[in-house]
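2 protein chains.
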Amino acid sequence: MQLTDDIRSSSSDPELVASRREHIARCATHVFVKKGYDRTNVDEIADACGMSKGNLYNYVGSKEDILYLVIDRGLTNLTKTIEDLCDRLSNVAPADALREFIKTLYRGVGEDADFTLFTYQETKNLSPTARQRILDAASRDVAVCEELLRRGVESGEFKINNPMLLAHNIITLGHMWAVRRWFLGKRCTLEEYIREQTESILKTILVDERTTIES
Amino acid sequence: MQLTDDIRSSSSDPELVASRREHIARCATHVFVKKGYDRTNVDEIADACGMSKGNLYNYVGSKEDILYLVIDRGLTNLTKTIEDLCDRLSNVAPADALREFIKTLYRGVGEDADFTLFTYQETKNLSPTARQRILDAASRDVAVCEELLRRGVESGEFKINNPMLLAHNIITLGHMWAVRRWFLGKRCTLEEYIREQTESILKTILVDERTTIES
Numbered sequence: 001m002q003l004t005d006d007i008r009s010s011s012s013d014p015e016l017v018a019s020r021r022e023h024i025a026r027c028a029t030h031v032f033v034k035k036g037y038d039r040t041n042v043d044e045i046a047d048a049c050g051m052s053k054g055n056l057y058n059y060v061g062s063k064e065d066i067l068y069l070v071i072d073r074g075l076t077n078l079t080k081t082i083e084d085l086c087d088r089l090s091n092v093a094p095a096d097a098l099r100e101f102i103k104t105l106y107r108g109v110g111e112d113a114d115f116t117l118f119t120y121q122e123t124k125n126l127s128p129t130a131r132q133r134i135l136d137a138a139s140r141d142v143a144v145c146e147e148l149l150r151r152g153v154e155s156g157e158f159k160i161n162n163p164m165l166l167a168h169n170i171i172t173l174g175h176m177w178a179v180r181r182w183f184l185g186k187r188c189t190l191e192e193y194i195r196e197q198t199e200s201i202l203k204t205i206l207v208d209e210r211t212t213i214e215s
Numbered sequence: 216m217q218l219t220d221d222i223r224s225s226s227s228d229p230e231l232v233a234s235r236r237e238h239i240a241r242c243a244t245h246v247f248v249k250k251g252y253d254r255t256n257v258d259e260i261a262d263a264c265g266m267s268k269g270n271l272y273n274y275v276g277s278k279e280d281i282l283y284l285v286i287d288r289g290l291t292n293l294t295k296t297i298e299d300l301c302d303r304l305s306n307v308a309p310a311d312a313l314r315e316f317i318k319t320l321y322r323g324v325g326e327d328a329d330f331t332l333f334t335y336q337e338t339k340n341l342s343p344t345a346r347q348r349i350l351d352a353a354s355r356d357v358a359v360c361e362e363l364l365r366r367g368v369e370s371g372e373f374k375i376n377n378p379m380l381l382a383h384n385i386i387t388l389g390h391m392w393a394v395r396r397w398f399l400g401k402r403c404t405l406e407e408y409i410r411e412q413t414e415s416i417l418k419t420i421l422v423d424e425r426t427t428i429e430s
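Protein chains in written order, with the numbering used here: chain Z, 1 to 215; chain X, 216 to 430.
Okay, here's the thing in structure tokens:
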């Protein structure tokens, strides 16, 4: 069950509600990571959404509701990205699958950098249920990456000492694009970041290094 | 100038003030990362320090003073660690210097995990001066590591495509021991984490891979 199932709305058009809530969640995530959840008030969120406070209250009941919208939206996007990747990559050779995995995941972080940053800054302030959902999603991302690495080890394409730790590195280095954008953003583009991290990772694990040439 | 230079104290014994403030800063960092700065009150900090509120106010004037103590203590420790490393490693061969750099820095993160976590969670809430000091220290750590990597490239021991990015990876993967301890802490020890990250990094950059055997 989503955290937002119980949020009341005065509109009876489910598509309109969904599209407005998507907009509210995206704008609110930006305000939360800039000011912090505790220091943000509903007026500021309405401003960031370009909506009147009265109109905002047609779609949410409180600041806490908005927090749940932010979390549901972020986690739903993440889950969709990971599930699509699993489907698409199940029959792809490990090195190419890993390239595609890193590219898709890191671009996802780039597109929704605010949500990644939000999870690093605010997870501790959430209710136990919301917090656990974020930690579960973060663990799942590592597990999916680890599984992909293990497949490459089994096929003889990769040699990896500790696939869990490497998977954790891959996931968290992706997050860093959002979390340390004040540093990285001045020094390289996201596509350069993706290319260099991918090559550096493949270099460590490919049994036959010539495979990197195709990348 | 330190942010804490102006904090008033009712004690005239500078050593006592310094030792009490060290204690207060360490305990307060822990409470701040657990509850968030905004949600913490001075009573809770006094509790965590095992001091009465009245006694606490002998050494600080406000919650904001405590925040500055936390930042000064964390940054002073970090700077000391990095400066000691620079002195110690200036004449050490690059691969050994890199091993020692990672080990010392990651152990430092382990010893003061709360402060690392604090910088990831709370930097955005600080005054511009305090925020800039934290970002400057974070940039300096990357620059020192990058310099060490470049020295290895110049001596022919390392082959590195992008020393800045690798230095950033080394520093942030160290931070992850603190920031993602909910994940890593269940899966490996800090010493295992240090060993495996070091070997994986050296494997990517050593021109002559046999050098890894001594580690």
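Virtual Cβ for every residue (Gly too), placed ideally from N, Cα, C.
Nonlocal neighbours in the same chain, by C-beta distance under 6 Å from residue i, ignoring five residues either side
i: X/T244; result: V285, D329, F330 and F333
i: Z/M164; result: E146
i: X/R288; result: A240
i: X/T413; result: R314 and I317
i: X/C242; result: A263 and C264
i: X/G323; result: T296
Residue closest to residue i, alpha-carbon to alpha-carbon, out of the options
i: X/P229; options: X/N273, X/E369 and X/Y252; result: X/N273
i: X/E337; options: X/R410, X/D253, X/T387 and X/S226; result: X/D253
i: Z/L63; options: Z/R150, Z/L85, Z/G54 and Z/T40; result: According to the sequence shown, residue 63 of chain Z is Lys rather than Leu. It is Z/T40 whose Cα lies nearest to the Cα of Z/K63.
i: X/E406; options: X/R355, X/S370, X/H383 and X/L320; result: X/L320
i: X/G325; options: X/S370, X/R396 and X/S415; result: X/R396
i: X/L364; options: X/R314, X/L282 and X/H238; result: X/R314
i: X/L282; options: X/I385, X/I317, X/R303 and X/R346; result: X/R346
i: X/G389; options: Z/W177, Z/N169, Z/G174 and Z/E199; result: Z/N169
i: X/V248; options: X/I386, X/C301, X/I420 and X/D327; result: X/D327
i: Z/L166; options: X/L399, X/A382 and X/G367; result: X/L399
i: X/A358; options: Z/R187, Z/I102, Z/I171 and Z/G108; result: Z/R187
i: X/F316; options: X/C264, X/I386 and X/G269; result: X/I386
i: X/S305; options: X/R366, X/T344 and X/L350; result: X/R366
i: X/L300; options: X/T344, X/D356, X/L231 and X/S415; result: X/D356
i: X/D423; options: X/I409, X/S370 and X/T404; result: X/S370
8 Å Cβ shell around residue i - same chain, five flanking residues per side excluded
i: Z/S52; result: A46
i: X/T426; result: Residue placement at X/T426 is flagged as unreliable, the pLDDT there being 49, under the threshold of 50; a coordinate-derived value is accordingly withheld.
i: Z/A137; result: L75, L78 and T79
i: Z/E44; result: V31 and K35
i: X/V368; result: K374, I375 and P378
i: Z/R88; result: E100
i: Z/L56; result: I24, V42, I45, A46 and C49
i: Z/D134; result: Position check: residue 134 of chain Z holds Ile in this sequence, whereas Asp was assumed. Here the set comprises I71, L75, T119, T123 and L126.
i: X/M391; result: L399
i: Z/V17; result: S9, S11 and Y59
i: Z/Y220; result: Residue 220 of chain Z lies beyond the range of chain Z shown here (1 to 215); nothing can be said about it.
Enclosing alpha helix (DSSP H) for residue i [first to last residue]
i: X/I375; result: That residue, X/I375, is in no alpha helix (DSSP H); it is neither H nor E in DSSP.
i: X/D287; result: K278 to L304
i: X/G269; result: K268 to L271
i: X/D253; result: Taken as a continuous stretch (DSSP letters only), X/D253 belongs to no alpha helix (DSSP H), as it is neither H nor E.
i: X/A310; result: P309 to E326
i: Z/L184; result: R181 to L184
Residues that residue i bridges to, as DSSP identifies them
i: X/L421; result: X/F373
Close Cβ partners of residue i (< 7 Å) along its chain, the five nearest in sequence each way excluded
i: Z/D65; result: I7
i: Z/R21; result: Y59 and L69
i: Z/I213; result: With a pLDDT of 45 at Z/I213, under the threshold of 50, the modelled position of that residue is not reliable, and no figure is offered here.
i: X/V394; result: T331, L332 and Y335
i: Z/A97; result: L89 and L148
Contact test: residue i Cβ vs the ligand SAM heavy atom, cutoff 7 Å
i: Z/R180; result: The ligand SAM is absent from the structure shown, which contains no ligand whatsoever.
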